[in-house]
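Numbering (my numbering), first residue to last: 1 to 205.
In this text, a Cβ means the ideal position worked out from N, Cα and C, and glycines have one as well.
Since the structure is predicted, the reported quantities are computational estimates derived from the model, not experimental observations.
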Amino acid sequence: MTNFEMKRIKIHDLLEDKSSLNQFCNDMKNGAVAVIPTDTLYGFAVSYNSKEAVEKVYQIKNRDSRKPLILFVTDVKELEMLGLKAKEECKAIINSNWPGGLTAVLQKPSSGELANFSFPTIGVRAPNHKELLELLNILPVKLLTTSANRSGAPSDTNPDVIADEFSNEIDWLIDDGVLPSGVPSTVADFTSYPPKILRQGKIII
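Quick look at the structure:
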């Protein structure tokens, strides 16, 4: 969908402007590539069911195709709705750290809307960012995400730097100013208990 005319808007203004919000929702549904703010870093975001948009993110990042993207949800209740199961002990750890900087790797469902995910497991996170959670609740599609940087390059919390780097490659930049964190999420494999830390980040479990 990318037409190299990046739209940049503050996340607060996006939520307040019905016309812009409708356009953003329609664009994401139709395969747009956005950069969004989170509680950790700025991230690329695309509709989970747009193969073209997912491939575009891999191209922009020069990302290894064996590395999956992360699914954003709003709370732990969505896991069951999406067919994502976890042991009760694992679910308690996830629940105590969401929303927040913990990515939970879970077994891909055998049926439902995530059954066509390209990997046997899927990383899921509920970001601790009030306006982003509000946006996620409004969007008609779930978002797959990854940090907004070239693979191997440092991630950035400054939207001006991201705009300079990616304005010709993305459709939307949702701006929330310079983010305070810059520390990526902790990634843990919750397919068994105790969970295995795959990347130590913002959350210690």
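| Item | Value |
| --- | --- |
| Is there contact between the segment 84 to 104 and the segment 192 to 203, where contact requires at least three CB pairs shorter than 8 angstroms? | yes |
| For L41, which of H129, E134 and L198 has the nearest alpha-carbon? | H129 |
| Which residue from L179, G177 and T146 puts its Cα closest to that of D64? | T146 |
| Taking the CB atoms as reference points, tell me whether I174 and I11 lie closer together than 8 angstroms. | yes |
| Could you tell me the alpha carbon to alpha carbon distance between Q200 and F190, rounded to whole angstroms? | 14 angstroms |
| So within the segment 41 to 65, which uninterrupted alpha helix (DSSP H) runs reach at least 4 residues, ignoring any that extend past its ends? | 51 to 61 |
| Tell me which residues share the same chain as L14 and place their Cβ nearer than 8 angstroms to its Cβ, disregarding the 5 neighbours each side in the sequence. | S20, L21, F24, L135 and I174 |
| Let me check one thing: in DSSP terms, what residues is D189 bridge-paired to? | V105 and K196 |
| Rounded to whole angstroms, what's the CA-CA distance from K7 to P180? Just pull it up for me. | 23 angstroms |
| Looking only at its own chain, which residues have a Cβ that is under 7 angstroms from the Cβ of V141, when we skip the five neighbours before and after it? | M28, K29, S47, Y48 and N49 |
| Going by the DSSP bridge assignment, what does A34 pair with across the sheet? | A45 and W172 |
| Given I204, which residues of its chain have a CB within under 8 angstroms of its CB, disregarding the five upstream and five downstream residues? | T186 |
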